[in-house]
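Numbering (this note's numbering) for the sequence shown: 62 to 183.
Where a beta carbon is used, it is the ideal one built from N, C-alpha and C, also for glycine.
All values derive from a computational prediction rather than experimental measurement.
Just below is one structure, and these are the notes that go with it.
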Amino acid sequence: MTNKQFEKLLKEFRLQQDKLVKTKGHDYTIGQGEEDRLFNFKWVAEVLGISPLQVMAVYWLKHILAILTFIKTGSVKSEGLAGRFLDENNYNLLGYALTKELNSHRHAKTRIKDKKKSRQKK
């Protein structure tokens, strides 16, 4: 594959990826997508008693396993291979968003604790 062919493939992939993540985002947030794009991970996590990142990992692994099945057997039957690669990549992005949000909450809690400690010292 030439660089030019790869760049065309990359552009097409990212266009499809963006379309898919927006469409599925709407479908998987039970109408909460405008307020919290990560709602489904949090809701499932609460129901199952696990973390939102663990939920994301399960969804991500489903696509990894399908890709591995293709590598081993040469076919996937339920969903096209392109869709698996697109979804796997989107779950990477969603996982990144979850970690950013988690770190943001941790920093906010730390700042609140630090303020309380400084008030107590006075």
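Residue environment, residue i, which counts as buried when at least 16 other CB atoms sit within 10 Å
i: L126; result: exposed
i: V119; result: exposed
i: V108; result: exposed
i: M62; result: exposed
i: Y152; result: buried
i: H124; result: buried
Per-residue DSSP class, three states only, for residue i
i: K103; result: helix
i: G92; result: coil
i: G141; result: coil
i: M117; result: helix
Expected contact under 8 Å - CB spacing of residue i and residue j to nearest Å
i: V105; j: L154; result: Wrong, their Cβ atoms sit about 18 Å apart, outside the cutoff.
**Study point:** Validate contact between the segment 92 to 102 and the segment 130 to 149 using beta carbons, cut 8 Å, 3 pairs
**Key:** By the criterion of at least three beta-carbon pairs nearer than 8 Å, the segment 92 to 102 is not in contact with the segment 130 to 149.
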